[in-house]
C-alpha cells in the first residue's frame with residue numbers, strides 16, 4: 099500500500115490546517131486529539147505479545163503522541179474488533195494493559211465488534227491548559243536538540259522476538275512495553291516560552307529528526323556519540339542502524355532554547371540548511387528525506 | 099462473539115461513570131465524544147456499498163451518536179485500514195462520502211494503515227455549549243415520546259440489497275445513505291429545560307425504547323399506529339417487524355415534556371412500570387429485554 103500517496107491525497111482533499119502533526123490541536127476546545135490503530139499481523143502478533151502487552155501498546159502509541167504535543171493525557175476511547183474465538187480473559191488482560199499505559203487518562207468509551215483479526219483503534223485526548231503545544235514545523239535555528247531517553251532498544255527487542263527469543267529482557271520489554279516519557283513532556287511544555295518542535299520516535303529517531311527538519315525547513319546537526327543508548331545494544335551487528343532508524347521506542351525529541359534543556363541529553367543543534375547531519379568522530383554524513391526512506395527497516399515497510 | 103458479555107466485563111473493569119450512553123459527556127471540556135467502527139463483511143460489503151457510501155455511513159454512525167446526545171457536531175478523526183489492492187480513487191470517494199455526512203464537523207486527523215480487509219474507526223466530538231445533554235437514564239414519567247422521522251426503511255433496504263436488488267431507491271438509500279437528524283437534535287437540546295432521554299435508532303426503534311426504559315426504570319407506552327413509516331413498506335411481508343426492530347435508520351427518539359414536542363411526532367408516553375408496551379387497535383403487548391433480544395434480526399446477530 100502506498101501509504102504516503104494516500105496521506106497526500108487526503109491532505110489535498112481535506113485541505114485542513116490540523117493535518118500535519120500527530121495530534122490535531124483544537125484551540126477552541128483547549129485539547130489535542132490523536133487516533134491511531136494497530137492491526138493484528140501488521141503491527142503486532144499474538145505469537146509475540148500477550149493481551150496485556152497489546153492493550154498497553156495500543157494505548158501507549160496514542161499517549162506518546164499526546165506527550166509529543168506537550169499536552170496532558172486526559173481521556174481515551176478504544177474500539178476493539180475481535181475474532182469469535184477470543185476468550186473473555188483476553189478482554190480483561192487487554193484492558194489492564196490499556197489502563198497501565200494510560201498515564202492518568204481515563205477510558206471513557208469506544209465499542210466492541212466482531213472481525214476476522216484483531217483491530218484496535220484508540221483515540222487519545224490531551225488537555226492543553228498551562229502547556230505550550232509543540233509543532234514539528236516550529237524548530238528554530240539556534241535551538242538545542244534534546245532527547246528524553248535511550249534509543250534503539252525497541253528495534254533490538256523486535257529482532258530478538260523475530261529470531262525466536264521470547265523471554266522478557268530489557269530489549270524485548272522496550273518493544274512490548276515502551277515506557278512513558280511524561281516527565282520530559284510536562285517539564286518542557288509547562289516551562290518553555292518560545293515556539294518549539296517535539297515529536298516521538300515512533301518511526302525511529304532519524305525519521306522524527308527528518309520530519310522536524312523538513313517541516314521547519316532547517317538542518318538538524320546531530321553528534322552521534324551524544325545519542326544515548328544501552329551499551330549492550332552493541333551485541334547486535336547493526337547496532338548503529340538500530341539507534342538511528344529503529345522504530346517504536348516512543349521516546350521524545352525536542353528542539354528547545356538553551357535555558358530549557360534542563361538535565362536532558364543534548365544531542366545536537368538546529369542550524370540553517372535542510373535535512374539531518376550526523377557527525378561522527380571521523381566523518382559527517384548529510385541525510386535527505388530520500389536517504390531516510392531507503393533506510394527504513396522492513397518492519398516499517400510492512401506497516402505501510 | 100458474546101458482545102454483551104464483553105461490554106459487561108469492560109464496564110466492571112473500568113467502573114467508569116462515562117460508560118453507558120453512546121457518547122461520553124466530558125463536562126470539564128464541554129464536549130461529548132464517541133468512537134464506533136465498521137468492519138468489512140461484518141457491517142458492510144463492497145458488493146453493496148460504494149466507497150462514497152462506506153465513508154458516508156462510517157461518519158454518519160458517529161454523527162448520529164453526537165446528535166442523540168444533543169451536542170453540536172464539531173470534529174472528526176478517521177482511522178482507515180485498507181487492503182493492498184485498494185485504489186487511490188477509493189480513498190478520494192471515501193473521504194467525499196465522509197465529508198458529506200459530517201454535518202459541519204471538521205475532519206482533523208486519524209491514520210491510514212494496511213490490513214487484509216477494510217476497517218474503519220471514526221471518533222466524533224460534539225460541543226455542548228448552549229445545549230442540554232441527554233442520557234438514556236433520564237426519561238421521566240409523564241414525558242411524551244417523540245421521534246424525528248420514519249422507521250423501518252433502512253432494514254427494508256437491506257432486505258432488497260440482500261435479495262440482489264442493487265438499484266438506489268428510497269429503501270436502499272435509507273440503508274446506504276441515512277439522513278441526518280440534526281434539526282430535531284438541535285431544537286430539543288437548545289430549548290429543553292428538564293432532564294430528558296434521547297437515543298438514535300441504530301439498532302432499531304424497539305432497542306432504543308428498551309434501552310431507555312431499562313436505564314430509566316420506566317415503562318414506555320407506544321401507540322403502534324402513531325409510529326411514522328413509509329406506506330410502501332407494506333410491500334414487505336414482515337413490515338411491522340421492520341418498523342419496530344429494523345436497525346440502522348439512525349433516526350432519533352426522545353422523551354420530552356409536553357411543551358417540547360414541537361411539531362414532531364408523538365408516539366407515546368413515559369409511564370410507571372418497566373419495559374416497552376406496544377398498543378395496537380385490538381391488542382396490547384408488553385415487551386421485556388429478553389423479548390427484544392429474541393426478536394433481533396439476523397443482520398444484528400451477525401454484528402455481535
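Chains as they are written, first to last, in this note's numbering: chain A, 99 to 402; chain B, 99 to 402.
Here a beta-carbon is modelled for each residue, glycine too, at the ideal position from N, C-alpha and C.
*Thinking residue 191 of chain A and residue 250 of chain A are a contact (beta carbons under 8 Å), I'd like their distance in whole angstroms, please.*
As a first step, residue 191 of chain A is located in the first chain; it is residue number 93 there, counting from the start. As a first step, residue 250 of chain A is located in the first chain; it is residue number 152 there, counting from the start. In fact, because the Cβ distance is near 28 Å, the residues do not count as touching under 8 Å.
_So that I know if they touch, is there some Cβ in chain B lying closer than 8 Å to that of residue 104 of chain A?_
On the first chain, position 6 is the one that residue 104 of chain A refers to. Yes, its Cβ sits closer than 8 Å to a Cβ of chain B.
*Length at least 4, wholly inside the stretch 118 to 199 of chain B: the alpha helix (DSSP H) runs in chain order*: Positions of the alpha helix (DSSP H) runs, each at least 4 residues long and wholly inside the stretch 118 to 199 of chain B, are given as 149 to 167 and 186 to 198 in order along the chain.
*Nearest-angstrom Cα distance between residue 109 of chain B and residue 234 of chain B?*
Looking up residue 109 of chain B in the second chain gives position 11. Looking up residue 234 of chain B in the second chain gives position 136. CA-to-CA, the gap between residue 109 of chain B and residue 234 of chain B works out to about 16 Å.
*For residue 186 of chain B, which residues in chain A fall below 9 Å Cβ to Cβ?*
The count along the second chain starts at 1 and reaches residue 186 of chain B at position 88. Near residue 186 of chain B (Cβ distances below 9 Å), the residues of chain A are 100, 103, 104 and 107.
*If you compare alpha carbons, which of B/306, B/344 and B/159 is closest to residue 209 of chain A?*
Indexing the first chain from 1 puts residue 209 of chain A at position 111. The option with the nearest alpha carbon to residue 209 of chain A is B/159.
*Helix, strand or coil: how does DSSP classify residue 272 of chain A here?*
In the first chain, counting from the first residue as 1, residue 272 of chain A sits at position 174. Note: residue 272 of chain A maps to helix in three-state DSSP.
*What is the rounded straight-line gap between the Cα of residue 202 of chain A and the Cα of residue 174 of chain A?*
Taking the first chain and counting its residues from 1, one reaches residue 202 of chain A at position 104. Taking the first chain and counting its residues from 1, one reaches residue 174 of chain A at position 76. So the two alpha carbons sit approximately 10 Å from each other.
*asked:* Would residue 374 of chain A and residue 318 of chain A be called neighbours here (beta carbons separated by less than 8 Å)?
replied: Taking the first residue of the first chain as position 1, residue 374 of chain A is located at position 276. Taking the first residue of the first chain as position 1, residue 318 of chain A is located at position 220. Their beta carbons are under 8 Å apart, which means residue 374 of chain A touches residue 318 of chain A by this criterion.
*asked:* One question on the structure: do residue 403 of chain B and residue 230 of chain B come within less than 8 Å of each other, judged by their Cβ atoms?
replied: No answer is possible for residue 403 of chain B: it lies beyond the span of chain B, which begins at 99 and ends at 402.
*Specify the secondary structure class of residue 335 of chain B as computed by DSSP and reduced to three states.*
Along the second chain, one-based indexing puts residue 335 of chain B at 237. Looking at residue 335 of chain B - three-state DSSP - the assignment turns out to be coil, as it is neither helix nor strand.
*asked:* Please classify residue 225 of chain B as buried or exposed, where buried requires at least 16 neighbouring CB atoms within 10 angstroms.
replied: Indexing the second chain from 1 puts residue 225 of chain B at position 127. Residue environment analysis places residue 225 of chain B among the buried positions, since at least 16 neighbouring C-beta atoms fall within 10 angstroms of its C-beta.
*Give the secondary structure of residue 258 of chain A by DSSP, where H, G and I count as helix, E and B as strand, and everything else as coil.*
Indexing the first chain from 1 puts residue 258 of chain A at position 160. Helix at residue 258 of chain A.
*Which residues, in chain order, does the stretch 204 to 218 of chain A contribute to contact with chain B at a C-beta distance below 8 Å?*
204, 205, 206, 207, 208, 209, 210, 211, 212, 213, 214, 215 and 217
*asked:* Which residue marks the beginning of the alpha helix (DSSP H) containing residue 307 of chain A, and which one marks its end?
replied: For the purposes of this step, residue 307 of chain A is taken as the residue at position 209 of the first chain. Residue 307 of chain A -> alpha helix (DSSP H) spans 303 to 314.
*I think residue 223 of chain A touches residue 320 of chain A, with their Cβ atoms under 8 Å apart; what is that distance to the nearest whole Å?*
Mapped onto the first chain, residue 223 of chain A falls at position 125. Mapped onto the first chain, residue 320 of chain A falls at position 222. With 8 Å as the limit, residue 223 of chain A and residue 320 of chain A do not qualify as a contact, their Cβ atoms being about 33 Å apart.
*Expressed to the nearest angstrom, what Euclidean distance is found between the alpha-carbon atoms of residue 368 of chain B and residue 169 of chain B?*
Position 270 of the second chain, counted from the first residue, corresponds to residue 368 of chain B. Position 71 of the second chain, counted from the first residue, corresponds to residue 169 of chain B. Roughly 23 Å separates the two Cα atoms.
*For chain A, find out if any of its Cβ atoms is closer than 8 Å to the Cβ of residue 137 of chain B; answer yes or no.*
In the second chain, counting from the first residue as 1, residue 137 of chain B sits at position 39. Cβ-Cβ to chain A under 8 Å: yes for residue 137 of chain B.
*Return the bridge partner residues of residue 111 of chain B from the DSSP annotation.*
Here residue 111 of chain B refers to the residue found at position 13 when the second chain is read from its first residue. According to DSSP, residue 111 of chain B bridges with nothing at all.
*Any contact of the stretch 139 to 154 of chain B with the stretch 138 to 150 of chain A, i.e. 3+ C-beta pairs under 8 Å?*
no
*Near residue 396 of chain B, what residues of its chain come up, given a Cβ to Cβ distance below 8 Å and the 5 sequence neighbours on each side ignored?*
Mapped onto the second chain, residue 396 of chain B falls at position 298. Note that residue 396 of chain B has pLDDT 37, beneath the 50 cutoff, so the model's placement of it is unreliable and no number is given.
_Cβ neighbours of residue 287 of chain A in the same chain (closer than 6 Å, five flanking residues each side left out)_ = Translated into positions along the first chain, residue 287 of chain A becomes position 189. Here the set comprises 168, 229 and 230.
*Could you tell me which chain B residues have their CB closer than 7 Å to the CB of residue 261 of chain A, listed as they occur along the chain?*
Residue mapping note: residue 261 of chain A aligns to position 163 of the first chain, counting from 1. Those within 7 Å of residue 261 of chain A in chain B number zero; the least Cβ separation is about 24 Å.
*What residues in the stretch 298 to 311 of chain A have a beta carbon less than 8 Å from any beta carbon of chain B?*
none
*For residue 181 of chain A, count neighbouring Cβ atoms within 10 angstroms of its own Cβ and tell me buried if that reaches 16, exposed if not.*
Taking the first residue of the first chain as 1, we reach residue 181 of chain A at position 83. By the 10 Å Cβ count, residue 181 of chain A comes out exposed.
*asked:* Less than 6 Å between C-beta atoms, sequence neighbours within five positions excluded: which residues of the same chain meet that for residue 376 of chain A?
replied: The residue labelled residue 376 of chain A in the question sits at position 278 within the first chain. Same-chain partners within the cutoff: 320, 322 and 383.
*Given 8 Å as the limit, is there contact between the stretch 263 to 283 of chain A and the stretch 340 to 357 of chain A, that is, 3 or more CB pairs closer than that?*
Contact between the stretch 263 to 283 of chain A and the stretch 340 to 357 of chain A is established, with three or more Cβ pairs separated by less than 8 Å.
*Where do the N-terminal and C-terminal ends of the beta strand (DSSP E) with residue 236 of chain B fall, by residue?*
Taking the second chain and counting its residues from 1, one reaches residue 236 of chain B at position 138. No beta strand (DSSP E) holds residue 236 of chain B; DSSP gives it neither H nor E.
*Name the chain A residues that come within less than 9 Å of residue 193 of chain B, Cβ to Cβ?*
Residue numbering aside, residue 193 of chain B sits at position 95 when the second chain is read from its first letter. Residues of chain A passing the Cβ test: 107, 108, 111 and 112.
_Contact residues within the stretch 224 to 246 of chain A, judged by C-beta distance below 7 Å to chain B_ = none
*Distance, Cα to Cα, residue 166 of chain A vs residue 112 of chain A?*
Position 68 of the first chain, counted from the start, is the residue given in the question as residue 166 of chain A. Position 14 of the first chain, counted from the start, is the residue given in the question as residue 112 of chain A. Spanning the two alpha carbons is a distance of roughly 24 Å.
*What is the residue span of the alpha helix (DSSP H) that residue 369 of chain B lies within?*
What you label residue 369 of chain B is simply residue 271 of the second chain in a count that begins at 1. Premise fails: residue 369 of chain B lies in the beta strand (DSSP E), 363 to 369, not in any alpha helix (DSSP H).
*Quick one: grab the DSSP three-state call for residue 382 of chain B.*
On the second chain, position 284 is the one that residue 382 of chain B refers to. Of the three classes helix, strand and coil, the one that applies to residue 382 of chain B here is strand, per DSSP.
*Answer yes or no: do residue 206 of chain B and residue 114 of chain A have a C-beta to C-beta separation smaller than 8 Å?*
The sequence position of residue 206 of chain B within the second chain is 108, counting from 1. The sequence position of residue 114 of chain A within the first chain is 16, counting from 1. Yes, the Cβ-Cβ distance between residue 206 of chain B and residue 114 of chain A is below 8 Å.
*State the Cα-Cα distance for the pair residue 134 of chain B and residue 156 of chain B, rounded to the nearest angstrom.*
Here residue 134 of chain B corresponds to residue number 36 of the second chain, with the count starting at 1. Here residue 156 of chain B corresponds to residue number 58 of the second chain, with the count starting at 1. Approximately 8 Å between the Cα atoms of the pair.
_Taking DSSP's pairing of strands, which residues face residue 247 of chain B in a bridge?_
As a first step, residue 247 of chain B must be located in the second chain, where it is residue number 149. Note: residue 247 of chain B is not bridge-paired with any residue in the DSSP secondary-structure output.
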